[in-house]
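Note sheet for the following structure.
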Amino acid sequence: MIDCFILASKSPDRKLLMEKTGLVPLIVIPGDYPEREQDEVNNPARLAEILASKKADNVLEKLRAEVKKGKIIETLPISKDARTATLVLVAADTLVSLKSEIIGKAEDEDEAFSILMRLQGQTHRLITAYCLKAIELDVVEMTIKEVANRSGGTATRVKFNPLDNKQIREYITTGEWRGRAGCYAIQLQASKFVRAIDGSHSGVIGLPIAEIVDDLRSMELF
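Residue numbering for the sequence shown follows the numbering used here, starting at 264 and increasing by one per position.
Right, dumping it as structure tokens:
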């Protein structure tokens with residue numbers, strides 16, 4: 264039984280996906296690993312996998328530090344009488360691949376416009392990798408250890424309609440591009456840009472839920 268999920272991401276899309284699919288109770292502890300740290304890796308699936316793993320490791324270290332301070336219980340939705348707790352750390356990274364180019368998040372509106380102009384009328388791959396860590400917390404001894412882990416991901420083909428400058432400029436004013444790989448949210452106003460998808464819809468949003476649930480079952484946690 265899972266006592267609490269820990270999402271290693273500040274993405275509201277990932278948080279909402281987990282809540283809607285019953286992966287709760289849930290707390291958010293964002294990973295601090297810089298996403299552009301591995302720019303020399305030119306394989307998008309491998310890069311996403313590395314970044315997801317680094318984020319998971321970063322948050323696990325944060326948890327260990329909080330346990331040492333004795334503060335972790337204050338933030339976890341577990342019973343005050345609990346002697347142990349099973350936590351599942353969920354980290355993920357999403358990238359867009361267009362031909363040989365890896366596309367992440369835009370820094371500003373001009374970069375967002377440039378990215379969307381390149382995606383319009385084209386088919387790109389949206390890659391989401393994830394890393395799961397099952398963690399055992401001893402509430403009495405205040406110790407924490409990783410007992411199992413899984414990793415995986417999805418690569419979904421997304422075909423965009425042709426778009427003109429005006430359509431893209433209007434979309435940018437919504438702010439939906441901020442913090443999102445490829446500068447769009449398929450579940451929001453950008454849905455009208457999408458002609459077709461082939462693969463994981465939830466993976467495009469930020470977490471391949473079906474694959475994650477399969478891995479939780481393989482660890483006998485779900």
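Ideal Cβ positions, reconstructed from N, Cα and C, are used throughout, including at glycine.
Would you grab the beta carbon distance between residue i and residue j for me? Rounded to a whole angstrom, and I think it's under 8 angstroms.
i	j	result
I475	L395	7 angstroms
D478	R413	4 angstroms
How many angstroms separate the CA atom of residue i from the CA atom of residue j?
i	j	result
H387	I366	10 angstroms
S360	V351	29 angstroms
A308	A418	8 angstroms
G333	T347	14 angstroms
R480	G285	14 angstroms
E331	M405	Per the sequence presented here, residue 331 reads as Lys, with Glu not at that position. One C-alpha to the other measures close to 7 angstroms.
T437	E483	42 angstroms
R381	L389	14 angstroms
A392	K362	19 angstroms
M264	Y434	43 angstroms
G466	I472	7 angstroms
K273	D427	32 angstroms
D320	G415	16 angstroms
Short of 7 angstroms in beta carbon distance, which residues of its chain neighbour residue i, apart from the five on each side in sequence? Order them along the chain.
i	result
L270	R277, K278, M281, L289, V291, V353
E439	Y447, A448, L451, Q452, A453
K368	G442, R443, A444
I341	D266, C267, A348
T338	I290
G469	S274, D276, R277, L280, A355, T357, T391
DSSP has residue i in a bridge; who is on the other side?
i	result
A411	A397
K422	T386, A459
F268	L289, V351
T284	None; T284 has no bridge partner.
A392	D356, G416
Give the DSSP-derived three-state secondary structure of residue i in the structure shown.
i	result
V351	strand
T417	strand
E439	coil
T338	helix
L484	coil
E474	helix
I365	strand
S360	strand
In chain order, what residues of the same chain have a beta carbon less than 8 angstroms from the beta carbon of residue i, not counting five sequence neighbours either side?
i	result
I431	F376, L379, M380, Q383
P425	Q383, G384
A345	D266, V402
CB-CB under 6 angstroms to residue i, same chain, minus the five flanking residues each way: which ones, in chain order?
i	result
D356	A311, L314, A315, A392
A411	A397, M482
E372	I435
Can you find a C-beta in chain D that's less than 7 angstroms from the C-beta of residue i?
i	result
K429	Looking at the structure shown, chain D is missing, and only one protein chain is on hand.
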